[in-house]
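Only one structure is covered here, and it is reproduced in the block below.
Protein chains: 4
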Amino acid sequence: MNLSDLQRALDDFATERDWHRFHNPKNLAMALTNEVGELVEIFQWLTFDQAATIMEDAHHAEQVRSELADVLAYLLQLANILGVDMATALHDKMTVNARRFPIPLTQGQAAEYGQL
Amino acid sequence: MNLSDLQRALDDFATERDWHRFHNPKNLAMALTNEVGELVEIFQWLTFDQAATIMEDAHHAEQVRSELADVLAYLLQLANILGVDMATALHDKMTVNARRFPIPLTQGQAAEYGQL
Amino acid sequence: MNLSDLQRALDDFATERDWHRFHNPKNLAMALTNEVGELVEIFQWLTFDQAATIMEDAHHAEQVRSELADVLAYLLQLANILGVDMATALHDKMTVNARRFPIPLTQGQAAEYGQL
Amino acid sequence: MNLSDLQRALDDFATERDWHRFHNPKNLAMALTNEVGELVEIFQWLTFDQAATIMEDAHHAEQVRSELADVLAYLLQLANILGVDMATALHDKMTVNARRFPIPLTQGQAAEYGQL
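Written as C-alpha cells, this is what we have:
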C-alpha cells in the first residue's frame, strides 16, 4: 500500500473524530515516545535468541505487530501535521546515507561508522 | 511510494553493508528509541505555537524531515527482521481502532477514551 | 535519604529475588525507556496549564509519583551494575555545567545555549 | 549525598539561570526522553558481554557516567516542579514492590511476574 495514502487515511481518521485539536507536534512526539516504550517493553528481558524468534509464538507475534503499528500510526500523524511526506523524506535520507556509507568501505563496520 | 517496497529497499541497503549482524530486535528497538529521542529534542523547549510553526524555518524543517526519516528507517528495519509487513499491520490496527473509537461517540473526547 | 543507600537497597532487593541474571545494561536501559514512556503518557495530551497543575488531583498525583519512582528505580539499578555512584556522577556533571552555563551569560537563554 | 539536597541544588541552579520558564512538566518529560535516548545510544549495537564490560574502557566509562547524570538531572528537575520528594516516592514504591514480589515466590521468575 502507498505510504502517502496511509498518511491521508490516518488524517481522515483523526478529522472524523475531532482529534486534531490534540495533535500539536509536542503531543504527538510524546505519544510516539510512549508507543516506542510499549514496543521496547516486549523485548526488554529477552535474550538475543528469544528476541530473534519471538514471532514463532502467535500471541507475542500479535502483540509485536500491534505495537509496531501504533508506532507507525503516531509517526505518520506527526508527519501529517508537519506537512511531511514520509516516502519522500525516507527516500532522500537513503540517498544521503548511500553516499555516507559507501558499500565497500563500511561492510561490517557499523561500530566504527555508526548507522543510518 | 509503496511501503513494502521501502521495507525491501532498506533490507537491501543493510544486506549490502553487512549490517544484518547487528540487527537483533533488541538492538533495533534501542536504535529506534535513540532516534525518537533526537526527534523529541527538536521540540522539547518549544511552546505549542513554536512547535506548530516549526516548518516555516527552512533549517528546522530539514532537521525535522531528517529525524522523522531516521525514525521510520529504524522502525521498518525492525519490522523487516520480525517479518512484519507494516502496511498490513497498520491497516489491521486501523480496522480495530475504527471499531474501538466509533465516530459519534468519541468526537473531541480523546482524554476520556484514550487514542490509537 | 542518602542516594548511595538507595542504590544499595535496590541492589539488595534485586539480589534477594535473583533478578541480577536479567540485569544486563541493555536490558535495564530498555526497561528505563519503557518506564519513561509510561511517565510521558500521563502528560502527552495535556495543555501546559493542565500539566503544571496535575498534582492538584489526588489520583493523578499518585500516578505521577509512582511513575517517577519507577524511572528512578531503573536508573539506579542500571547505575548499580555499571558501578556508578550517582550522587558523585551528578555532582561532577553540575560542576561541569556551572562552568558551561555561567550565570550572567545564560539567564533566560536556554534556547540559544541548550541546557544540562 | 542526600537526594533531597540534590533536588534542591538543581532547583537553585535553574533559578539562577532563569530556566524555570522552560520547566513545564511536558518540556522536562521530553528532555528526559531525549537524555534516555542518548544513554541508550551508547549500548544499542553492543553485545551483552560488551555492554557488561563497558566501564573497563575509560572513555566509554566517562560517557556512561555523563549520560546517567543527565538522565538523573532531568528526572529530579521534573520531580521538583511537580513537588515530589524522590527519596520518599522511591521508598514508598519499594514498600509496594516488596509486597508485590515476595522473596520466595519470585526468585528467578521475572519473566512470569514482571518487575518493579
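Residue numbers (this note's numbering), protein chains in the order written: chain H, 1 to 116; chain L, 117 to 232; chain R, 233 to 348; chain X, 349 to 464. By construction, the Cβ of each residue, glycine as well, lies at the ideal position given by its N, Cα and C atoms.
Beta carbon proximity, residue i to chain R, threshold 9 angstroms
{"i": "Q115/H", "result": "A caution first: Q115/H carries a pLDDT of 47, below 50, which makes its placement in the model too unreliable to give a value."}
{"i": "F164/L", "result": "yes"}
{"i": "R356/X", "result": "no"}
{"i": "E460/X", "result": "No answer about E460/X holds up, because its pLDDT of 46 lies below 50 and its placement is not dependable."}
{"i": "I219/L", "result": "no"}
Simplified DSSP state of residue i, which is helix, strand or coil
{"i": "Y461/X", "result": "Low local confidence applies: a pLDDT of 45 at Y461/X is under 50, so the model's placement there is unreliable, with the coordinate-based value given in what follows. Note: Y461/X maps to helix in three-state DSSP."}
{"i": "N234/R", "result": "strand"}
{"i": "W19/H", "result": "helix"}
{"i": "F449/X", "result": "coil"}
{"i": "T327/R", "result": "helix"}
{"i": "T204/L", "result": "helix"}
{"i": "L46/H", "result": "coil"}
{"i": "L10/H", "result": "helix"}
Per-residue contacts from residue i into chain C (C-beta, under 7 angstroms)
{"i": "N259/R", "result": "The structure shown has no chain C; the protein chains it does contain are H, L, R and X."}
Cβ of residue i within 9 angstroms of any chain H Cβ
{"i": "F245/R", "result": "no"}
{"i": "A174/L", "result": "no"}
For residue i, the first and last residue of its enclosing alpha helix (DSSP H)
{"i": "Q411/X", "result": "A406 to L430"}
{"i": "P257/R", "result": "P257 to F275"}
is_contact[residue i, chain L] using C-beta, thresh 9 angstroms
{"i": "R99/H", "result": "no"}
{"i": "D70/H", "result": "yes"}
Heavy atom of the ligand SAH within 8 angstroms of residue i beta-carbon
{"i": "Q295/R", "result": "Although the ligand SAH was asked about, the structure shown includes no ligands whatsoever."}
With 8 angstroms as the limit, tell me which residues of the region 378-393 of chain X have their beta carbon closer than that to any beta carbon of chain H; keep them in chain order.
-> M378, T381 and W393
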